[in-house]
Amino acid sequence: MRIRHIAAAGAAAAALTLGASLPAFADGSQEAAGTLQARGAKVEVYEGGGFQGKHTVFTHNMPNLGTHGWDFIGSARNTGTRTATFYRGTCYEGARFVLAPGRSAADLGSHGMESPGCLLFG
Numbered sequence: 584m585r586i587r588h589i590a591a592a593g594a595a596a597a598a599l600t601l602g603a604s605l606p607a608f609a610d611g612s613q614e615a616a617g618t619l620q621a622r623g624a625k626v627e628v629y630e631g632g633g634f635q636g637k638h639t640v641f642t643h644n645m646p647n648l649g650t651h652g653w654d655f656i657g658s659a660r661n662t663g664t665r666t667a668t669f670y671r672g673t674c675y676e677g678a679r680f681v682l683a684p685g686r687s688a689a690d691l692g693s694h695g696m697e698s699p700g701c702l703l704f705g
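Our numbering numbers the first residue of the sequence shown as 584 and each following residue consecutively.
Rendered as structure tokens:
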């Protein structure tokens with residue numbers, strides 16, 4: 584019994600000595616966390632209004648939609664269980680439009696979001 588405690592303490596000390604690092608998202612930055620899939624996050628985006636044209640599904644935060652070929656989004660449908668927030672600027676800045684779970688917007692332009700810069704799940 585005592586040997587197990589000593590071995591466990593030794594393993595913990597070795598991890599600290601070797602400088603076990605925290606995951607990238609541990610620093611609290613939203614951009615680092617954006618690369619992780621958010622449980623229950625799922626939003627369908629379409630290039631055209633009325634859910635027409637090129638489309639894709641996002642399941643994680645997108646700090647810059649333009650770098651993924653989405654400079655213009657005409658409509659969106661939140662099919663997940665988490666709130667999706669579109670921001671006009673990149674890196675979660677500027678005006679925003681919130682799309683609750685189960686809701687959709689057939690014309691993001693009517694909400695001032697015809698060209699959102701990023702997407703954040705809450």
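Every residue, glycine too, gets a C-beta built ideally from N, C-alpha and C. Being a predicted model, the structure only gives us computed values, none of them experimental.
Check: So what's Thr662 in DSSP terms, helix, strand or just coil?; Outcome: coil
Check: What is the rounded straight-line gap between the Cα of Gly649 and the Cα of Gly663?; Outcome: 22 Å
Check: Given this structure, state the Cα-to-Cα distance separating Phe669 from Val640, to the nearest angstrom.; Outcome: 14 Å
Check: Under 7 Å Cβ to Cβ from Gly705, same chain only, skipping five residues before and after it: list those, please.; Outcome: Arg665, Thr666, Thr668
Check: Please look up how many angstroms separate the CB atoms of Ala659 and Ser698, rounded, as I've assumed it's under 8 Å.; Outcome: Ala659 to Ser698, Cβ: 13 Å. No contact.
Check: Taking the alpha carbon of Cys631 as the point to measure from, which residue in Asn661, Met696, Phe655 has its own alpha carbon closest?; Outcome: The question names Cys, but residue 631 is Gly in the sequence shown. When only C-alpha atoms are compared, the closest one is Phe655.
Check: I'd like the list of long-range same chain contacts for Gly692, defined as Cβ closer than 8 Å, with 5 residues on each side in sequence excluded.; Outcome: Gly632, Gly657
Check: From which residue to which residue does the beta strand (DSSP E) around Glu676 run?; Outcome: That residue, Glu676, is in no beta strand (DSSP E); it is neither H nor E in DSSP.
Check: Rounded to whole angstroms, what's the CA-CA distance from Gly623 to Gly685? Just pull it up for me.; Outcome: 12 Å
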